[in-house]
Amino acid sequence: MNHPTKAEEFLSDGANAKWHDETLWFVRDKRDSSSKTVPEWEELRDLASRIKDNVLDYLETYLLEFEKNAKANNIRVHWAKNAEEHNQIVLGILNKHQCKAIVKSKSILTEECHLNPFLEKHGIEVVDTDLGERIVQFLNQPPSHIVMPAIHLKKMAISDIFHEKLQTEKGNDDPYYLTQAARNHLREKFLAAKVAITGVNFGVAETGEFVVCTNEGNADMGVHLADVHIASMGIEKIIPKREHLGVFLRLLARSATGQSITNYNSHFRSPDTGKEIHIVLVDNGRTEQLAREKFRNSLKCIRCGACMNTCPIYRRSGGFSYGSTVPGPIGSILSPGLDLQKHSSLPFASTLCGSCSDVCPVKINIHEQLYEWRQEITKAQAANAKSISMKIANGIFAVPFAYKISAGMMRGALKFLPDSITYSGLNTWGKQRDLPELPKETFKQWYKKNRS
Amino acid sequence: MVQKKQIMSSRDYILSKIRNTPRDKRPLPEIPDFKVDGELMDRFKRSLLMNKGEIVDAKQLEEFIDSHQFKKVLSLSEEFRSFSNLDIPDDAHQLADMDVAIISGQFGVAENAAIWLEERDMGLRALPFITEHLVIVLEKDQLVSNMHEAYERIGKGASGFGLFIAGPSKTADIEQSLVIGAHGAKSLRVVLV
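Those sequence lines, one after another, are chains P and G. Under our numbering, the first residue of the first sequence is numbered 8, with each subsequent residue one higher. Under our numbering, the first residue of the second sequence is numbered 394, with each subsequent residue one higher.
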C-alpha cells in the first residue's frame, strides 16, 4: 500500500485527524519557543551539522577509536552487517545467559531490525518499557512517531487496552491513573529482568562511552537492575569527542519536545562490578546510504522527530501512512535507500515546503533530498500514473514558453473539466484537495494591464 | 599447502565498505565560548521548575520527611545523614520499596537544571531511579552556565557511569498530558546549601 492510500484511511476520521494535526503543531510550537531562548541556536545547528560532516568523512577512524576505548573499558563490542545478524547476536547473548524475558527501552534501531518478533519467535518475552511503546505493543502496533510512539491514540483507546491487559477500571481514562497502572506493571518486569536492551543516542569515540536519553527513566530502571545491558547502536551515532555532547544535548530535547534537556541523560562507560555491557554496532544499509553522495547527509539524523512535528503531510496523514520504521520527512529519505520499491511513494509525501530542513538540528537538507529521490524514482520506475503527472508538471515549469501557453489553457480547462477527471486516479494530488477559485485573468494579463 | 580462503568478519566488511567510499576530509569545527554572564542561580531555579523539580531548604526537607513518616530513607549526604535509616544494600533489588534517597550532586547547569552525578555519588547506580522520591543536595557555588561549560568541568573524568539528571521521571505519552512519576522517582527536590 502506498502513502496516499493509507493517508486517506487516516483522514477518514476527520476529528481525529484534526486533533493529530493540532497536537503535533503544538509540539512544533514548543520547539520554537524553546529554541528562541538560546541566542546561539543557529550557531549550534551549524556546529552540529559540521561535526556530523566530519564524522561521516572519518567514520571508520571514529568507529575504530570507539571500539578500542570501549573494549578497554570492559565493554564487549559486536558488529552486525544487517538486521538479521544484529538479531542473532542479541539472541546469542540471551541464550548464553539462559534468559527468557527482557526489558527494552526505546530503540528505533531494534524496530528497524524487527527484533521483537524475532525474539518472540524464539520463545523470549520482550517488554517495551517506554510508556508509549508499551501501549502500542499491547495493541500489536508499531510506534507511529519516533519520539511519541502512541501519539495517534486517544486516551479512551489506551484506557480500553489497559482495562484488558492491566485490569484497570473500565472507562477510567485519567492519564495519571493509567500511567500509575503502567508503573506498577512495569516495575515487576524491571525487577525480574536479567537482561535489558537500550538504544544509543550518542557514542563517543574519544572515551568509548555511550549516552542514552529518556524522560521516564525506563532505560536506567532496566539496565541497572539487570545483569546484562545490550545497547544497539547504528554506526552513524558516533561523535568524536565528549565536548561534542554539549552541542548535541543542547539541541536534541529542545528540537524534540521543547524541553531544555531530557530528565535523564546517562553516560555508560564501563559495566558495574560483576555485570556486562554489550554494544552492537549495526550497519543495515547505512554504508550504502553513505555511498549515495546526494543522500549521505541523511545519516546525520539524531532522531529528534522535529521534521515530523512540523510537516504538513505527516501531521495530516499520521505515522502509519508511511509504512516505514522511521516515518515523516526524514523517514522518506532514509527508507527508499533500504527498499526503493516498497517505499517509492514516500518522497512524494511532501509539499517540498522546506519546513523540515528549517527545523532540523543538524541541518539536513531534507526537502532537497526528497526532490532528489523523486528524480531517482521517476527514472527507475515504469511509468505509473503519479510519475506521469509529475513529469508533465516538471515539463511545464521547466520551460517558460510551455507554462505561458498552458496557463491560459489550464484556466480554460479547469473551468470545464468535470471533477471525475480532475480528481481521477491520474492525479493523486487531487484527492483531499479542492481546486482554488480561478482568477478572471492570468497573471501576465493582469501585469500588462496594471504595470505596463 | 592448502590456502584457506579468509572469510571477512562483519567488522572488517563494514569498515572496508566505509573506506571504499570516497569522501571529503572536512575538519572538526572549534566550539566557541558561549558562556553567558549573569545570574546563574535564578536561571537554574527557573529551569528546575520548568522540569517539574522543586527547590527546598533544609527545613522544608525535614517537614517533607516527617510529615510522610517514610519508612525507608537513605542519605548519602553528610548534611542529612540523620534522616537515614537504611544502609546501601549489596543488591539494588532490595531498594524496590524505598521511599527517599538523599544524595549530593557535583554541580548544576543553569540553562537546563541538569545536575551531574557520578557512580560514587549514587552508592548504587539504580538508586536515583528506583527511589520513590529523590533529593539532591547541591552547593550554591557549584553552578555552571551551560552544557559546554559542564563538559569542560567533567573533563577527562572516567566514572563508569555518569548522569545528568534534570527532574523527576515524567511522560506525556497519553494524549500529551504531562504525568510526573512514570518509572523513576516521582519527585525531585533540590536543596541548595
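Note that the Cβ used here is the ideal one computed from N, Cα and C, for glycine as well. Keep in mind that this is a model prediction, so the values were computed, not measured.
Backbone CA spacing between residue i and residue j [nearest angstrom]
| i | j | result |
| --- | --- | --- |
| I5/P | F557/G | Given that chain P is displayed from residue 8 to residue 459, the structure contains no residue 5/P and the question cannot be resolved. |
| P443/P | L138/P | 44 Å |
| G178/P | E49/P | 46 Å |
| L345/P | N89/P | 11 Å |
| N457/P | L66/P | 59 Å |
| D64/P | R299/P | 13 Å |
| N372/P | S364/P | 5 Å |
| P247/P | R419/G | 13 Å |
| L441/G | V219/P | 21 Å |
| L571/G | K563/G | 7 Å |
| R83/P | N94/P | 16 Å |
| V584/G | R190/P | 27 Å |
| E542/G | R257/P | 12 Å |
| W32/P | F476/G | 46 Å |
| E472/G | N316/P | 46 Å |
| A263/P | A79/P | 34 Å |
| T449/P | K455/P | 10 Å |
| N444/G | A565/G | 13 Å |
| Q148/P | G281/P | 37 Å |
| R513/G | L173/P | 38 Å |
| R381/P | S351/P | 8 Å |
| V449/G | G574/G | 19 Å |
| K428/G | D53/P | 18 Å |
| H170/P | P182/P | 13 Å |
| S267/P | L259/P | 9 Å |
| A188/P | T175/P | 7 Å |
| K13/P | S409/G | 40 Å |
| R323/P | N23/P | 10 Å |
Residue from the options whose Cα sits closest to the Cα of residue i
| i | options | result |
| --- | --- | --- |
| R582/G | V528/G, K549/G, L536/G and V502/G | V528/G |
| V110/P | I237/P, F450/P and V333/P | I237/P |
| Q535/G | K410/G, H526/G, A506/G and K418/G | A506/G |
| V502/G | R513/G, K438/G, R416/G and N413/G | K438/G |
| R249/P | S580/G, Q569/G and R546/G | R546/G |
| K113/P | K78/P, A79/P and H152/P | H152/P |
| V531/G | G498/G, P521/G and G548/G | In the sequence as displayed, the identity of residue 531/G is Leu instead of Val. Ranking G498/G, P521/G and G548/G by Cα distance to L531/G puts G498/G first. |
| V154/P | K447/P, C360/P, I309/P and Q452/P | I309/P |
| Q296/P | E72/P, A226/P, N272/P and I242/P | I242/P |
| G335/P | K349/P, P319/P and E16/P | P319/P |
| I284/P | M8/P, E127/P, G21/P and H85/P | H85/P |
| H526/G | I424/G, L510/G and L454/G | L454/G |
| I495/G | H486/G, M434/G, S538/G and L520/G | L520/G |
Integer Cβ distance of residue i from residue j, believed to fall under 8 Å
| i | j | result |
| --- | --- | --- |
| S331/P | P354/P | Their Cβ separation, rounded to whole angstroms, is 12 Å, which puts S331/P and P354/P out of contact at 8 Å. |
| A578/G | T524/G | 6 Å |
| A55/P | V369/P | 5 Å |
| I115/P | I142/P | Their Cβ separation, rounded to whole angstroms, is 17 Å, which puts I115/P and I142/P out of contact at 8 Å. |
| V230/P | T205/P | 6 Å |
| R276/P | G215/P | 7 Å |
Chain-ordered neighbours of residue i on chain G, where CB pairs are closer than 8 Å
| i | result |
| --- | --- |
| F327/P | None at all; the shortest Cβ gap to chain G is about 17 Å. |
| E67/P | L408, I411 and R412 |
| T205/P | Going along chain G, no residue has its Cβ under 8 Å from T205/P, so there is no contact; the nearest lies around 13 Å. |
| A87/P | S403 |
| T294/P | I407, K410, I411 and T414 |
Proximal chain P residues relative to residue i, where beta-carbon distance stays under 8 Å
| i | result |
| --- | --- |
| A575/G | L138, T186, A189, R190, N222, E223, G224 and N225 |
| M491/G | Under the 8 Å cutoff, chain P gives no residues; its nearest Cβ is about 12 Å from M491/G. |
Residues that residue i contacts on chain G, provided the C-beta gap is smaller than 7 Å
| i | result |
| --- | --- |
| Y183/P | V572 |
| I165/P | I567 |
| A263/P | Correct list: empty, because the minimum Cβ distance to chain G is about 11 Å. |
Any non-hydrogen atom of the ligand NAD within 8 Å of residue i CB
| i | result |
| --- | --- |
| V583/G | Among the components of this structure there are no ligands whatsoever, and the ligand NAD is therefore not found. |
Within chain G, the residues that residue i reaches when beta carbons sit closer than 9 Å
| i | result |
| --- | --- |
| H231/P | A485, L517, R518, A519, L520, F522, I523 and F554 |
| M155/P | A565, D566 and Q569 |
| M228/P | A519, F522, I523, S562, H576 and G577 |
| K161/P | E568 |
| R83/P | Within chain G, no residue comes near R83/P; the closest Cβ sits about 13 Å away, beyond 9 Å. |
Contacts that residue i makes with chain P (C-beta to C-beta distance below 7 Å)
| i | result |
| --- | --- |
| L421/G | I58, N61 and P247 |
| G560/G | N270 |
| E504/G | S267 |
| D417/G | D64 |
| A551/G | R276 |
| F500/G | Those within 7 Å of F500/G in chain P number zero; the least Cβ separation is about 14 Å. |
Chain-ordered neighbours of residue i on chain P, where CB pairs are closer than 9 Å
| i | result |
| --- | --- |
| D426/G | Within chain P, no residue comes near D426/G; the closest Cβ sits about 10 Å away, beyond 9 Å. |
| S440/G | S267 and I268 |
| M443/G | Q266 and S267 |
is_contact[residue i, chain A] using C-beta, thresh 9 Å
| i | result |
| --- | --- |
| E432/G | Annotation note: the requested chain A is absent from the structure, which comprises protein chains P and G. |
May I ask you to list, following chain order, the residues of the segment 516-532 of chain G that have a beta carbon less than 9 Å from some beta carbon of chain P? L517, R518, A519, L520, P521, F522 and I523
Give me the subset of the segment 275-292 of chain P whose CB atoms are less than 8 Å from a CB atom of chain G, sorted by chain position. Under the 8 Å Cβ criterion, the segment 275-292 of chain P contributes F275, R276, S277, P278, D279, L288 and D290.
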